[in-house]
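In our numbering, the protein residues as written are 998 to 1143. All C-beta atoms in this analysis are idealised placements derived from N, C-alpha and C, irrespective of residue type, glycine included. All of these numbers come straight from a predicted model, not from anything done at the bench.
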């Protein structure tokens, strides 16, 4: 016998009407100095985190290889981080062939990847990405082709 507080009936949820969200800045006509990008109806703001697919060309096979990663969007570029390059095929593939493609919310973008060498930019990316920042990570900049 089930206890009286246990119910096998699942509660029904009200149907939700999904409406595109409008930013408060847009509602009030404010310019807040943030660079935005619209990718398939999804607005990306500087410093926002986005999960997307990264497709590289395999350095040994020459075949496309896709991995899902979390990117940081900043100044029109996407940034991916890794704890190490060794053993990470996507990192090694980008170093060998920097022509990559990312798929953000269904939109495919041809890009060029480079390892971030500027320590101040690397620290800024890692600080925006994680709290507390993991400053020992490697950062790659994935810049959309013009």
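- The beta carbon of residue 1119 sits closer than 7 Å to the beta carbons of 1113, 1136 from its chain, once the five residues preceding and following it are set aside; these are given in chain order.
- Residue state for residue 1078 is assigned as strand, using DSSP reduced to three classes.
- Membership of residue 1124 in the alpha helix (DSSP H) is indicated by the continuous run 1116 to 1126.
- In the DSSP assignment, residue 1060 is bridged to no other residue.
- Closest in C-alpha terms to residue 1123, from the list 1076, 1082, 1062, 1058, comes 1076.
- The three-state reading of DSSP puts residue 1067 in strand, counting E and B together.
- The Cβ-Cβ distance between residue 1074 and residue 1138 falls below 8 Å.
- Residue pairing by DSSP places residue 1054 opposite 1061 in a beta bridge.
- Taking a 10 Å sphere around the C-beta of residue 1097, we find 16 or more other C-beta atoms and assign the residue as buried.
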